[in-house]
Amino acid sequence: MLKRFVATALGISSAMSLSLPAQAQTGDWAYPVPFRNYLSQLARESDWIREGPFGLRHYHFIATAPLGRLVALANVTCAQMEEGRPYATIKADVEADAKTMFPSTVITKLGASGVSRFADVAIGSAVKNTCPTYSSSLPTLNYTLPAD
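In terms of my numbering, the sequence shown is residues 1490 to 1637.
Shown next, in the form of structure tokens:
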């Protein structure tokens, strides 16, 4: 009886942990608030693409990236902004990093425009949440972000 109860409890808890698609990975609460805000904004603004005849559909690709690499991406982005590197150079670095951070199936599904959009969102989110003094040097994005 006890074994059955434990097995049921473990099954329920593992099933519940899989129902958080917009969260990058469990454990992001361990980071300071600016990084949690960065991860939340990044998940909200980048986890979507248009596909199929029904219009907007969510594609939670951000969950396939290692959490530590996403946080490191914010740190590197802010360091590059502090060095005064041009936005185009920073974006090229983020795009290159994204191509190694995500599985090839994700990169294929996103395509070049999806990776470019991820880079814009990642840079904007990193700057706004972890080094806001550089917000004025961000370009205006030419696409509309999805509604919550």
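In this text, a Cβ means the ideal position worked out from N, Cα and C, and glycines have one as well.
### Task
Can you tell me the Cβ-Cβ gap for Leu1556 and Ala1611, rounded? I've got them flagged as a contact below 8 Å.
On the sequence shown, position 67 is the one that residue 1556 refers to. On the sequence shown, position 122 is the one that residue 1611 refers to. In this structure Leu1556 is not in contact with Ala1611, their Cβ atoms being roughly 14 Å apart against a cut-off of 8 Å.
### Query
Does the Cβ-Cβ distance between Leu1627 and Gly1613 come in under 8 Å?
Here residue 1627 is taken as the residue at index 138 of the sequence shown, counted from 1. Here residue 1613 is taken as the residue at index 124 of the sequence shown, counted from 1. Contact: yes.
### Message
Can you give me the C-alpha to C-alpha distance between Val1583 and Val1595, rounded to a whole angstrom?
### Response
Reading the sequence shown from its first residue, position 94 is the one you call residue 1583. Reading the sequence shown from its first residue, position 106 is the one you call residue 1595. Their Cα atoms are separated by approximately 16 Å.
### Task
In the DSSP assignment, find the unbroken alpha helix (DSSP H) run with Ile1612 in it and report its ends.
Counting from 1 along the sequence shown, the entry for residue 1612 is found at position 123. Ser1593 to Thr1619 is the span of the alpha helix (DSSP H), which, as asked, contains Ile1612.
### Query
DSSP three-state call for Leu1559: helix, strand or coil?
As a first step, residue 1559 is located in the sequence shown; it is residue number 70 there, counting from the start. Assignment of Leu1559 by DSSP, reduced to helix, strand and coil, places it in the helix class.
### Task
Return the first residue and the last residue of the alpha helix (DSSP H) that Arg1533 is part of.
By 1-based counting over the sequence shown, the position of residue 1533 is 44. Run containing Arg1533: Val1522 to Ser1535, per the alpha helix (DSSP H) assignment.
### Query
Are the beta-carbon atoms belonging to Phe1591 and Phe1550 less than 8 Å from one another?
Stepping through the sequence shown from its first residue, residue 1591 is reached at position 102. Stepping through the sequence shown from its first residue, residue 1550 is reached at position 61. Between Phe1591 and Phe1550, the C-beta gap is smaller than 8 Å, which places the two residues in contact.
### Task
Indicate the three-state DSSP secondary structure (helix, strand or coil) for Ala1554 in the structure shown.
Along the sequence shown, read from residue 1 onward, the residue named residue 1554 stands at position 65. The DSSP-derived three-state label of Ala1554 is coil.
### Task
Identify, in the order they occur along the chain, each residue of the same chain with its Cβ nearer than 7 Å to the Cβ of Glu1572, setting aside the five sequence neighbours on each side.
Working through the sequence shown from its first residue, we reach residue 1572 at position 83. If we look at Glu1572 and ignore the five residues flanking it on each side, it has no Cβ neighbours.
### Task
Work out the CA separation of Ala1608 and Tyr1527 for me, nearest whole Å.
Counting from 1 along the sequence shown, the entry for residue 1527 is found at position 38. Counting from 1 along the sequence shown, the entry for residue 1608 is found at position 119. The alpha-carbon of Tyr1527 is positioned some 13 Å away from that of Ala1608.
### Task
For my contact list, Ala1587 and Val1560 are in at a C-beta cut-off of 8 Å; report their separation, rounded to the angstrom.
As a working note, residue 1587 is residue 98 in the sequence shown. As a working note, residue 1560 is residue 71 in the sequence shown. Wrong, their Cβ atoms sit about 14 Å apart, outside the cutoff.
### Task
Enumerate in chain order the residues of its own chain whose CB-to-CB distance from Cys1567 is below 8 Å, with the five nearest sequence positions on each side excluded.
For the purposes of this step, residue 1567 is taken as the residue at position 78 of the sequence shown. Hits under 8 Å: Ala1615, Val1616, Thr1619, Cys1620 and Tyr1623.
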